[in-house]
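First up is the structure itself, then whatever we jot down about it.
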Amino acid sequence: MKNEIVTKITEVDKAISNIMVFTLLINSVILFLLFATVFTLLGIDLRLVVIIPLLYLPFTLIWKKMRTDTINVVTQEYPTLDERLQTAYDNRDRDNFIMRRLNNDVSRRMDDVCCSSFTNTRRLTSRTVVAVVLAFIFLSVNFINLSQILPLGDEFLGEINTLGEGIGINIGLSSPSEPGAWESSNYSNEEEQERLGGKAGGQQPGINEGPTPGQGGGTGYTGEQDIFGDPSSAKIGGENVNIEIHPEYGGEIEIKDVGEDSLESDEFSLSSVQGSKAPEEEPLKYEQIIKNYFEKLIEESE
Amino acid sequence: MWESTQKAKKKTSDLGEIKEHTIDSKKIEKPPMEKDLERTYSEIGKTYKGLLSEMGKTVLGQEEVMENILIAVFTKSHALLEGFPGLGKTLIVKTLSDIMDLKFKRVQCTPDLMPSDITGTYVVEEKEGKKSFRFERGPVFTNILLADEINRATPKTQSALLEAMQERQVSVGTSTYPLDPPFFVLATQNPIEMEGTYPLPEAQVDRFLLKILVDYPGEEHEEKIMDLYSGEKTPESRRVISKNELLNIQELIRKMPIAAVIRKYALNIVRNTRPMDNGIASEFLDYGASPRASIGLVVASKARALIKGRDYVSKEDIEAMAYPILRHRIILNFESERKGVKPDDVIEKIIKESW
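Residue numbers (the working numbering), protein chains in the order written: chain A, 1 to 302; chain B, 303 to 657.
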């Protein structure tokens, strides 16, 4: 009978531990989603988010386990067991007829103890709802590049970048204005810059569109210039000239609103063709035209 | 067994009686059989109700006092009853001895009462032409000793009770005589007449487990008392439990389990009466309770739990017993006395502070 009390307490202890682990797991998920959302908004590397629940879960579990007194938890839920259970448990090593009677009484009352009564349904439900809501927010943030909408200053983001560099992590944070800055650095004037977007389907690059046609879509802007220079511009005679490359010529190109006439027309038009395929693939009949074109350009520049 | 022992004792000479008595007490002190204890335990509720009901035939409106006296008896301890004259203090103790089949002696304390009047003395006896000293036992050789108005006796006489109360033995000359168990001193004192009184020294007061305040009965009870004692028949009490049963109950109390948190609570209460740290004690008290109070609080709470029919000591038991155990052990400071603060008020605050 003496062991029966201890066994029952152990069973309750296990149930309480399971409930505790479950609650902490939900908390960890909430933490993960919360920080993941914030990190995404700030453009910080998401791998860092994993550290937070990984630290939170074991430490909180150990701390809570150390602080949780199973007897107290049971007696809080079942006040009639309060002093009886405390006494029976504290005197579990004693054996006399008074103890036996007390143990019988406690054991009988412990049969009515339901493990579900230790679950705070309201709290668990609210946390689950919070987790679901955060999951939606996190997914939404990943579909829409909110960093371009939120008014985050360059200085603030710059500081975070500096912070990341300080701890040896390349956070890769960019300000919302940075793509524009990149563009303007490659074009001599605004008109020239706008023309590029216009050719690609609008005056300015779209939300899911990269700063330049051919740069690709996505929520973040991480593009860099390669060794071949701008992918859809050519510098001729010291001036940037917009060019188009036909899709059938291969490569990643923007085909939105590209002059359909040039694709459908059999006749070669100088105005519609500003880029060309490899010279060895040009028909011979165009050779003279191209030659004349470049000669004309040289004359004009002189 | 007890009756035959008593008869055998009467037949013997005084000196022989004492020797025999020593042997008998050893027999009695043998631990009771587990079966007997279990039977007593299973009937404790019934026994307690029987005791209260029988005492209630003669004593009305003093349930708490009767409960506390029974607790003192069950814990092999002594109690100090304080109350105005005519409240039935002596009657309660007399009734108790009747229902328990115990020997009862009463000493009316006066300033000229000598220690030998309590403990006994040697007298010269002539037998067959030879003179010899014979020990004439005093009233302390009994089961229940009522020391009426104990604060009227001189400190010397009061001190004569010290050894009997603590060691349960009496030393006269070079001889030591053990007292027959069970032995209790139930003393009374009058709080209003201070002239010609000798307040009990702290050391002696500490030996009383409980200080029980006897208050006026309620109107309803007083009316019944008037009818009861002004009629033709005087109420009488019958024996409810034997001496052996009483000894079994005393043994049972030691077996009562107590939770660690409840024991800690009792300890906190007693420790908080000591004005060492900042707290209620330092504000109201000069001296606090001794470790004897801690032991007494736990034991008395165990007894209360037992008579209330519980298998465990409750917080409620500790709180209820804290008052009679601590009220004579704490000494109020001058400021508290000036303000008219009562020990029970301070105890109440300490109880609240201690949980």
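Built from N, CA and C at the ideal position, the CB exists for glycine as well.
{"Item": "Alpha helix (DSSP H) runs wholly inside the region 575-632 of chain B, at least 4 long, in chain order", "Value": "582-586, 593-609, 617-628"}
{"Item": "Residues, ordered as in the chain, of the region 78-106 of chain A that lie near chain B by beta-carbon distance below 7 Å", "Value": "GLU83, ARG84, GLN86, THR87, ASP90, ASN91, ARG94, ASN96, PHE97, ILE98, MET99, ARG101, LEU102, ASP105"}
{"Item": "Below-8 Å beta-carbon distance, SER596 (chain B) vs any chain A residue", "Value": "no"}
{"Item": "Per-residue burial, LEU628 (chain B) [other beta carbons within 10 Å of its own, 16 or more giving buried]", "Value": "buried"}
{"Item": "Per-residue DSSP class, three states only, for PHE406 (chain B)", "Value": "strand"}
{"Item": "Contact residues within the region 608-636 of chain B, judged by C-beta distance below 8 Å to chain A", "Value": "ASP613, TYR614, VAL615, SER616, LYS617"}
{"Item": "Beta carbon proximity, MET558 (chain B) to chain A, threshold 8 Å", "Value": "yes"}
{"Item": "ALA561 (chain B): contacting residues in chain A (beta-carbon distance under 7 Å)", "Value": "GLU83, GLN86, THR87, ASP90"}
{"Item": "Limits of the unbroken beta strand (DSSP E) element including ASP400 (chain B)", "Value": "Looking at the DSSP string, ASP400 (chain B) is not in any beta strand (DSSP E); the run it does join, the alpha helix (DSSP H), is 391-401."}
{"Item": "CB contact check: GLU340 (chain B) to chain A, cutoff 8 Å", "Value": "yes"}
{"Item": "Proximal residues to PHE486 (chain B) (C-beta, below 8 Å), its chain only, five neighbours per side dropped", "Value": "ALA374, VAL375, LYS378, SER379, HIS380, ALA381, ASN445, ILE446, LEU447"}
{"Item": "Top-ranked residue by Cα proximity to MET20 (chain A), from A:LYS291, A:LEU124, A:TYR286", "Value": "A:LEU124"}
{"Item": "CB contact below 8 Å: TYR350 (chain B) versus chain A", "Value": "no"}
{"Item": "Cβ-Cβ separation, THR70 (chain A) to ASP13 (chain A) (assumed contact under 8 Å), whole Å", "Value": "4 Å"}
{"Item": "Residue range of the unbroken beta strand (DSSP E) whose run includes GLN692 (chain B)", "Value": "Not covered by the structure: residue 692 (chain B). The range shown for chain B is 303 to 657."}
{"Item": "Beta carbon of ALA131 (chain A) nearer than 8 Å to that of ILE52 (chain A)", "Value": "no"}
{"Item": "Those runs of the alpha helix (DSSP H) which lie wholly inside the region 335-386 of chain B and span at least 4 residues", "Value": "336-344, 346-360, 365-376"}
{"Item": "Proximity below 8 Å, CB of PHE138 (chain A) to CB of ALA15 (chain A)", "Value": "no"}
{"Item": "ILE446 (chain B) - partner residues in DSSP beta bridges", "Value": "B:PHE406, B:PHE486"}
{"Item": "VAL426 (chain B): first and last residue of the uninterrupted beta strand (DSSP E) it sits in", "Value": "422-429"}
{"Item": "Residues within the region 564-582 of chain B neighbouring chain A, beta-carbon criterion of under 8 Å", "Value": "ILE564"}
{"Item": "Buried or exposed (CB count within 10 angstroms, at least 16 for buried), ILE620 (chain B)", "Value": "buried"}
{"Item": "is_contact[TYR531 (chain B), chain A] using C-beta, thresh 8 Å", "Value": "no"}
{"Item": "Nearest-angstrom Cβ-Cβ length linking ILE609 (chain B) and ILE346 (chain B), presumed shorter than 8 Å", "Value": "7 Å"}
{"Item": "For SER539 (chain B) and THR421 (chain B), believed in contact at Cβ under 8 Å, the rounded distance", "Value": "No, THR421 (chain B) and SER539 (chain B) are not in contact; Cβ-Cβ is about 29 Å, not under 8 Å."}
{"Item": "Alpha-carbon to alpha-carbon, LEU31 (chain A) and ARG127 (chain A)", "Value": "11 Å"}
{"Item": "Start-to-end residues for the beta strand (DSSP E) that takes in PRO480 (chain B)", "Value": "477-480"}
{"Item": "Between the CA atoms of GLU11 (chain A) and ASP111 (chain A) - distance to the nearest angstrom", "Value": "11 Å"}
{"Item": "Contact under 8 Å by Cβ, LYS391 (chain B) with THR490 (chain B)", "Value": "yes"}
{"Item": "Buried or exposed by the 16-neighbour rule on C-beta atoms within 10 Å, applied to LEU353 (chain B)", "Value": "buried"}
{"Item": "Sub-8 Å separation of HIS523 (chain B) and GLY385 (chain B) beta-carbons", "Value": "no"}
{"Item": "Per-residue contacts from TYR343 (chain B) into chain A (C-beta, under 9 Å)", "Value": "PHE97, ILE98, ARG101"}
{"Item": "For LYS535 (chain B), three-class secondary structure by DSSP", "Value": "coil"}
{"Item": "For LEU515 (chain B), the residue or residues it bridges with in DSSP", "Value": "B:GLU384"}
{"Item": "Proximity test, Cβ basis, 8 Å: ALA310 (chain B) and chain A", "Value": "Unreliable positioning characterises ALA310 (chain B) in this predicted model, as indicated by a pLDDT of 43, which lies under 50. The coordinate reading is nonetheless provided below. With 8 Å as the cut-off, ALA310 (chain B) does not count as an interface residue toward chain A."}
{"Item": "Min CB distance LYS14 (chain A) to chain C below 8 Å", "Value": "No chain C appears in this structure, whose protein chains are A and B."}
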